[in-house]
Structures are given as structure tokens and as C-alpha cells.
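One structure is given below, encoded as C-alpha cells.
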Amino acid sequence: MKIPAASHGTPALPRRTVAGPQVDEREVEWTAMRAQGAGGQNVNKVSSAVHLRYDVRASSLPDDVKARLLALRDGRLTQEGVFVVKAQQYRTQEANRLDALQRLQAVVDSVARPPRVRRATRPTYGSQQRRLASKSQRSDVKALRGKVRD
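Using numbering that gives the first Met the number 0, read the sequence shown as starting at 0 and increasing by one per residue.
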């Protein structure tokens, strides 16, 4: 998700399109650290990167949202049910905190709505006929691959 930048280089708050459960900032545990990678003196001196830890099981999210969030096959979710987000894209710690919180909220929003239940339907008569025709055509092609007999 690309975050629109404000005029001074920090991410601006995007408008939420999904009216789902909001992540409570008081339930988030923050850890500041130095960012990795290139960046010159600033990256070596300043603890601008942020680790966000969000305990899903102990959160105030609705139980169905918690269950879908814990069922995600996401590498950021630990076996203990803690969702970990590392943000180090921006130069300031505040911008990285906002980025990490928005990324966590995006994941929560993605599981906020229950998945639609698929109703089993029968294949149409026409689709059955097309399938059988293609199978017989393929069979004819394969039958021609045999040895030539005199």
C-alpha cells in the first residue's frame, strides 16, 4: 500500500474505506531500533526503525475477526498469536510508527468481512458437451502418435 506523503516527507493519514474494527493504539507495543541498509550517517546514528508487536489474542477485536486474523498464513504472525510489523521506510520514527500502524490496520481490514460462502452449482449442459468434445479431440490427436503400420 503506497502511503501518500505530506509536504514535509512524512506519511499522511489515508481515509479508511472499510468500516471495520479499529486497532486500539494502546494495545500495540513499540520498539525503536536502527534501520538496516544504506543511508549514510543518519541510519547509523538514529533509531528511526520501529517494530510493532500486536497481541491478537489479548486484543479488543471481535472474536470472529481474531479467529480469521490468527488463521492467516502470514510470516508476520508468530505462533503465540503476536503480529509483528517492522517499519523502516522513512527517516523519522514518527513516520515509521504511522506506517507500521497503517499496515497493521490494513491486515485487520482485510479480514474484517467474513468470506463469502461458495454455493456449489452444477455444470451447464453446454459446458459438459464442450468438455467432452475437447477430450475426444485430444484423444484423436494422441491416437495419431502411434507407430505407422503398413
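We put the beta carbon where it would ideally sit given N, CA and C, even for glycine.
Classification of residue 78 by the beta-carbon crowding that lies within 10 angstroms, buried from 16 upward: With fewer than 16 Cβ atoms within 10 Å of its Cβ, residue 78 is classed as exposed.
Per DSSP, cross-strand counterpart(s) of residue 123: Answer is none; residue 123 lacks a bridge partner.
Host alpha helix (DSSP H) of residue 26 (start-end): Annotation for residue 26: no alpha helix (DSSP H) segment contains it, and DSSP assigns it neither H nor E.
Whole beta strand (DSSP E) elements within the region 32-62, 3-residue minimum: List check, beta strand (DSSP E) in window: 48-54.
Three-state secondary structure assigned by DSSP to residue 69: Residue 69: helix per DSSP, three-state reduction.
Sub-9 Å separation of residue 51 and residue 110 beta-carbons: It is not a contact, given that the beta carbons lie outside the stated cut-off.
Three-state secondary structure (DSSP) of residue 146: Looking at residue 146 - three-state DSSP - the assignment turns out to be coil, as it is neither helix nor strand.
CB-CB length for residue 48 against residue 94, believed under 8 Å: About 11 Å separates the Cβ atoms of residue 48 and residue 94, ruling out a contact at the 8 Å cut-off.
Cut-off 7 Å between Cβ atoms - residues of its own chain near residue 59, not counting five sequence neighbours on either side: If we look at residue 59 and ignore the five residues flanking it on each side, its Cβ neighbours are 23 and 26.
Cβ neighbours of residue 113 in the same chain (closer than 8 Å, five flanking residues each side left out): Excluding the 5 residues flanking it on each side, residue 113 has same chain C-beta neighbours closer than 8 Å at 63 and 67, in chain order.
Extent of the continuous alpha helix (DSSP H) run through residue 110: For residue 110, there is no enclosing alpha helix (DSSP H), as DSSP marks it with neither H nor E.
Beta strand (DSSP E) runs contained entirely in the region 75-102, provided each spans 3 or more residues: Whole beta strand (DSSP E) segments, 3+ residues: 81-86.
Buried or exposed by the 16-neighbour rule on C-beta atoms within 10 Å, applied to residue 35: So residue 35 counts as exposed.
Expected contact under 8 Å - CB spacing of residue 92 and residue 37 to nearest Å: Their Cβ separation, rounded to whole angstroms, is 19 Å, which puts residue 92 and residue 37 out of contact at 8 Å.
Span separating the alpha-carbon of residue 129 from that of residue 122: Those two C-alpha atoms are separated by around 11 Å.
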